[in-house]
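Asks:
There are 2 protein chains.
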Amino acid sequence: MTGERAATTQPAGAVRKRGGDGVGLRDVARAAGVSTATVSRAINAPDLVSAALRERITLAIDRLGWVPDGAAKALATRRSFAIGAVFPTLATGDFARAAAAVQKELQGFGYTLLLACSEYDAEQELAQVRKFVERGVDGLILVGRSHHEKLAAFLDRKAIPYVFSFVHDGLEGGVCIGPDNRKAMAALTNYLLELGHRTIAVIAQSTDNNDRARARLEGIRDALAVRGLAVRPQHMVTGRWTIEEGRELFRRLWATTPRPTAIICGNAHLAVGAIIESQASGVAVPADVSIVSYDDIDIMSHLPATVTALRVPGEDIGRNAARWLVGQVEGRELPVQFEHMPELLARDSSGPPRRDADSP
Amino acid sequence: MTGERAATTQPAGAVRKRGGDGVGLRDVARAAGVSTATVSRAINAPDLVSAALRERITLAIDRLGWVPDGAAKALATRRSFAIGAVFPTLATGDFARAAAAVQKELQGFGYTLLLACSEYDAEQELAQVRKFVERGVDGLILVGRSHHEKLAAFLDRKAIPYVFSFVHDGLEGGVCIGPDNRKAMAALTNYLLELGHRTIAVIAQSTDNNDRARARLEGIRDALAVRGLAVRPQHMVTGRWTIEEGRELFRRLWATTPRPTAIICGNAHLAVGAIIESQASGVAVPADVSIVSYDDIDIMSHLPATVTALRVPGEDIGRNAARWLVGQVEGRELPVQFEHMPELLARDSSGPPRRDADSP
DNA sequence: CTGAAAGCGCTTACAG
DNA sequence: CTGAAAGCGCTTACAG
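Top line first, the protein sequences correspond to chains A and B. Numbered according to this note's numbering, the first sequence spans residues 90 to 449. Numbered according to this note's numbering, the second sequence spans residues 90 to 449.
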């Protein structure tokens, strides 16, 4: 370390006013005996610089330990190579994994990720987006389709590309990358219907500021309506995303009449809670009741009754959203998958209803 | 939306060369009939501007929809109000929660979070830190104490403050905010020793590029050595962080002679795997074997045998790390807690060893 | 292939 | 309290 520091050849008094080691492009140019323009070119367009100068410049950069100033670069080029992402939360594994995938993909393209969590609050999301725009992000990744009413207009005016992730409806107005929540949930519901279930309950995720959760409920209604069925009021309960809530809501559902023969859970934690509570209450799954989940997490494959779930490919979604955005920013044609149909993983927790149960 | 767009009073031809709506500080100044200096002051030091002008300026800003240019601001002030954080991964809940807490705390101070995942790779981490420095971050949050050998020298030379999170040893060289991993794990081991265990096995987390995992193993050795004990070679197995691995490693341990009476797991997922496999194998917990975990996750309170665990306060750690950094950057004295002793949550999965078991 | 110079959009002593 | 002007550290036509 001491050696490292001593190796920095730096004329006394060269220290600039504020922070850092004060090594600038100018110092590199001087050390290499060229103009700043040439140094700039040697980095950004090496082809335009003769091999000899290029080498001298590279050497000077190494010797001085110059780190380019991103702010100056951004100001001069009007490009930041930064992308902002606002997730509702990182407390659920899917968004955390998506965030990591976004960062990784962006890094591959030379971009940096700015991250914020809106906590499902549209006002806060708007404020965070504004901040990101102030920071000069080249693009934005948002989750879901419904946002503050001013959001789209603001971004459009600023001409900043953005993408809605974790959704894919057929609607106009905005690029979506993710599952068709409604269609996916309809498919999961149909799966239960085909098993013979007719009395289906729902442990829904709160739809507050969550258009995806809303779409999923519609998907359930769609599939049921085709057969002239619907979820009874007492069979529709709502939680957020803790195991504890899943347990409590299962208990509540199990106390209803008629008893449901199947329960659809709006997210993984609610489903895990429901499964665990069923076990704890001596309710046999799937003999007494089938339990299925929107979204799949690790533990689901390891519970005594493994959980039938729709696997939402969060990493793929994150990766594709990042790639699409880079394509937009750079005017490139990058291959992007827009719709990500969740895979239905049929496991232990679902089966046909009891013979006697479903003829109430 | 259309209304919104139409409301933007913008003289034709005023559009600037590249991107956005081209509204700059200059336009605001012109519209308000003041100099750019006054507009700047009205925002950054309102006290210096007369009420009358302040109002005219605020109005002009609203009307034009001006968004300040962060790059220009950063260039002029040499401050970015951005903090970089490099986590090993976001796949584990603790880091994800910490990241969210960091972002939230920073936001309260007006800072933005730049995020990257190093995937436990020191080279990659260094590259990510360099990128962050190029972007002009005002400070950096890293995880653990051991990093690329060039990292500290680089940051010191650039005079960028940084903090090591999720660690707190007594050593010199760097500010640490987190648990003392060694001490914490020694405490967990002592807890088992006091219950009477003498044949203790370890499902360790890989120590590749992970000084915290290393410290934890030392903590176990410390506590055992005090009683002249040690972990037998066949009782020391290593995984990463999946439930699957935890299950397999439990099986492997259970096949050893002598059988351990207690198992310490290096992270939550390994512990959940071990618990689940014990159940699946008909091994009674804690009657046949006690299982304890470093780190606590939601599911642990809900498994048939709830899991005794050390609760690492990831959110507190993230919040304090962020606050300390802001204090450094702004030369403020913010209250910061450096050591975060994990809480030992004694639950079902630990108890005294069987009478007959521990006299091999 | 290279350099001199203007400019990116802000902030901030300095002078009044 | 306010303005004219220099400067932050880069990039990029333009001219040679």
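Ideal Cβ placement from N, Cα and C applies to all residues, glycine included.
Which term fits residue 373 of chain A, buried or exposed, when burial requires 16 or more other beta carbons within 10 angstroms of its beta carbon?
Replies: The residue you call residue 373 of chain A lines up with position 284 of the first sequence. The residue is exposed, with fewer than 16 neighbouring Cβ atoms inside 10 Å.
Asks: With a threshold of 16 other CB atoms inside 10 Å of the CB of residue 179 of chain B, please say whether the residue is buried or exposed.
Replies: Sequence index remark: in the second sequence, residue 179 of chain B carries index 90 (1-based). It is buried - the Cβ of residue 179 of chain B has at least 16 other Cβ atoms within 10 Å.
Asks: Taking all protein chains shown into account, do 16 or more other C-beta atoms lie within 10 angstroms of the C-beta of residue 356 of chain B, making it buried, or fewer, making it exposed?
Replies: By one-based count along the second sequence, residue 356 of chain B stands at place 267. Buried, since its Cβ has 16 or more Cβ neighbours within 10 Å.
Asks: Identify each residue in the stretch 206-233 of chain B for which the Cβ-Cβ distance to at least one residue of chain A is less than 8 Å, and report them in chain order.
Replies: Per Cβ criterion, the list reads 206, 217, 219, 220, 221, 222, 223, 224 and 225.
Asks: For a cutoff of 8 Å on Cβ pairs, would you count residue 391 of chain A as touching chain B?
Replies: Position 302 of the first sequence, counting from 1, holds the residue named residue 391 of chain A. Closer than 8 Å: yes.
Asks: Rounded to whole angstroms, what's the CA-CA distance from residue 413 of chain A to residue 265 of chain A? Just pull it up for me.
Replies: As a first step, residue 413 of chain A must be located in the first sequence, where it is residue number 324. As a first step, residue 265 of chain A must be located in the first sequence, where it is residue number 176. Roughly 10 Å between the two C-alpha positions.
Asks: Using a Cβ cut-off of 7 Å, pull out every chain B residue sitting near residue 322 of chain A, in sequence order please.
Replies: In the first sequence, counting from the first residue as 1, residue 322 of chain A sits at position 233. Under the 7 Å cutoff, chain B gives no residues; its nearest Cβ is about 28 Å from residue 322 of chain A.
Asks: With a threshold of 8 Å, are at least 3 pairs of Cβ atoms found where one atom belongs to the stretch 283-303 of chain A and the other to the stretch 434-441 of chain A?
Replies: The stretch 283-303 of chain A, when compared against the stretch 434-441 of chain A, does touch it at the 8 Å Cβ threshold.
Asks: So, with DSSP's three-state summary, where would you put residue 238 of chain B?
Replies: Locating residue 238 of chain B in the second sequence gives position 149, counting from the first residue. DSSP places residue 238 of chain B in coil when its eight states are reduced to three.
Asks: With a threshold of 8 Å between beta-carbons, can residue 385 of chain A be considered close to chain B, or not?
Replies: Residue numbering aside, residue 385 of chain A sits at position 296 when the first sequence is read from its first letter. Not an interface residue.
Asks: Kindly indicate the opening and closing residues of the alpha helix (DSSP H) around residue 280 of chain A.
Replies: Residue mapping note: residue 280 of chain A aligns to position 191 of the first sequence, counting from 1. Element bounds for residue 280 of chain A: 270-284.
Asks: Along chain B, which residues have their Cβ under 9 Å away from the Cβ of residue 203 of chain A?
Replies: Against the first sequence, residue 203 of chain A aligns to sequence position 114. The answer, in chain order, is 171, 201, 202, 203 and 204.
Asks: To the nearest angstrom, report how far apart residue 209 of chain B and residue 230 of chain B are at their CA atoms.
Replies: In the second sequence, the residue the question calls residue 209 of chain B occupies position 120. In the second sequence, the residue the question calls residue 230 of chain B occupies position 141. Approximately 15 Å between the Cα atoms of the pair.
Asks: Would you mind telling me which residues of chain A sit closer than 8 Å to residue 186 of chain B, beta carbon to beta carbon, in chain order?
Replies: The residue labelled residue 186 of chain B in the question sits at position 97 within the second sequence. Ordered by position in chain A, the residues that pass the 8 Å Cβ test against residue 186 of chain B are 179 and 180.
Asks: How should residue 426 of chain B be labelled, buried or exposed, when 16 other C-beta atoms within 10 angstroms of its C-beta is the threshold for buried?
Replies: Here the question's residue 426 of chain B lines up with position 337 in the second sequence. Exposed: under 16 other Cβ atoms inside 10 Å.
Asks: With a CB to CB cut of under 8 Å and the five nearest residues on each side skipped, what residues in its chain are close to residue 176 of chain B?
Replies: As a working mapping, residue 176 of chain B is identified with position 87 in the second sequence. These residues qualify, in order along the chain: 184, 187, 188, 204, 205, 206, 207 and 232.
Asks: Is it the case that the Cβ atoms of residue 341 of chain B and residue 395 of chain B are separated by a distance below 8 Å?
Replies: For this step, residue 341 of chain B is matched to residue 252 along the second sequence. For this step, residue 395 of chain B is matched to residue 306 along the second sequence. Cβ distance not < 8 Å, so residue 341 of chain B and residue 395 of chain B don't count as in contact.
Asks: What residue from B:153, B:168 and B:253 has the CA that sits closest to residue 159 of chain A's CA?
Replies: Walking along the first sequence from the start, residue 159 of chain A turns up at place 70. That would be B:168, whose Cα lies nearest to the Cα of residue 159 of chain A.
Asks: Between residue 342 of chain B and chain A, is any beta-carbon pair separated by less than 8 Å?
Replies: Here residue 342 of chain B corresponds to residue number 253 of the second sequence, with the count starting at 1. So no, residue 342 of chain B is outside the interface.
Asks: Using the rule of at least 16 other Cβ atoms within 10 Å of the residue's Cβ for burial, across every protein chain shown, is residue 275 of chain B buried or exposed?
Replies: As a position in the second sequence, residue 275 of chain B is number 186, starting the count at 1. Flag for residue 275 of chain B reads buried.
Asks: Any beta carbon of chain B sitting closer than 8 Å to that of residue 359 of chain A?
Replies: On the first sequence, residue 359 of chain A is found 270 positions in, with the first residue counted as 1. No, no contact with chain B.
Asks: Can you give the Cα-Cα distance for residue 103 of chain B and residue 150 of chain B, rounded to whole angstroms?
Replies: Numbered from 1 along the second sequence, position 14 holds the residue referred to as residue 103 of chain B. Numbered from 1 along the second sequence, position 61 holds the residue referred to as residue 150 of chain B. Its pLDDT being 32, under 50, residue 103 of chain B is placed unreliably by the model, and the measurement read from it follows with that caveat. Roughly 16 Å between the two C-alpha positions.
Asks: Using the Cβ count rule (16 or more neighbours within 10 Å means buried), how would you classify residue 379 of chain B?
Replies: Position 290 of the second sequence, counting from 1, holds the residue named residue 379 of chain B. Answer is buried; the Cβ neighbour count reaches 16.
Asks: Classify residue 389 of chain A as helix, strand or coil using the three-state DSSP reduction.
Replies: The sequence position of residue 389 of chain A within the first sequence is 300, counting from 1. Reduced to three states, the DSSP call for residue 389 of chain A is helix.
Asks: Mapping the DSSP letters down to three states, classify residue 137 of chain B as helix, strand or coil.
Replies: For the purposes of this step, residue 137 of chain B is identified with residue 48 of the second sequence, where counting begins at 1. The answer is helix: DSSP assigns residue 137 of chain B an H, G or I state.
Asks: From the DSSP output, read off the bridge partner residues of residue 176 of chain B.
Replies: Here residue 176 of chain B corresponds to residue number 87 of the second sequence, with the count starting at 1. Paired residue(s): B:206.
Asks: Can you tell me whether residue 386 of chain A is buried or exposed, with buried defined as 16 or more other CB within 10 angstroms of its CB?
Replies: Walking along the first sequence from the start, residue 386 of chain A turns up at place 297. Classification of residue 386 of chain A: buried, given that the 10 Å Cβ count is 16 or more.
Asks: Measuring CB to CB, does residue 76 of chain A end up less than 8 Å from residue 257 of chain A?
Replies: There is simply no residue 76 of chain A to check, as chain A begins at 90 and stops at 449 in what is shown.
Asks: For residue 400 of chain B, which of helix, strand or coil comes out of DSSP?
Replies: Taking the first residue of the second sequence as 1, we reach residue 400 of chain B at position 311. DSSP places residue 400 of chain B in strand when its eight states are reduced to three.
Asks: According to DSSP, simplified to helix, strand and coil, what is residue 228 of chain A?
Replies: Position 139 of the first sequence, counted from the first residue, corresponds to residue 228 of chain A. Here residue 228 of chain A sits in strand by DSSP.
Asks: Of all the options B:222, B:384, B:234 and B:419, which has the alpha carbon lying nearest to the alpha carbon of residue 401 of chain B?
Replies: For the purposes of this step, residue 401 of chain B is taken as residue 312 along the second sequence, with counting starting at 1. Nearest of B:222, B:384, B:234 and B:419 to residue 401 of chain B, Cα basis: B:384.
Asks: Between the C-alpha atoms of residue 365 of chain A and residue 359 of chain A, what's the straight-line distance to the nearest angstrom?
Replies: As a working note, residue 365 of chain A is residue 276 in the first sequence. As a working note, residue 359 of chain A is residue 270 in the first sequence. Rounded to the nearest angstrom, the two C-alpha atoms are 10 Å apart.
Asks: Any contact between the stretch 109-118 of chain B and the stretch 235-254 of chain A? By contact I mean 3 or more CB pairs, one from each, below 8 Å.
Replies: Yes: at least three Cβ pairs fall under 8 Å.
Asks: Tell me, please, whether the stretch 139-150 of chain A touches the stretch 194-202 of chain A by the rule of three or more beta-carbon pairs shorter than 8 Å.
Replies: No, the stretch 139-150 of chain A is not in contact with the stretch 194-202 of chain A.
Asks: With a 10 Å radius around its C-beta and 16 neighbouring C-beta atoms as the bar for buried, classify residue 214 of chain A as buried or exposed.
Replies: Within the first sequence, numbered from 1, the residue matching residue 214 of chain A stands at position 125. Buried.
Asks: From what residue to what residue does the beta strand (DSSP E) around residue 351 of chain B run?
Replies: For the purposes of this step, residue 351 of chain B is identified with residue 262 of the second sequence, where counting begins at 1. Run containing residue 351 of chain B: 351-354, per the beta strand (DSSP E) assignment.
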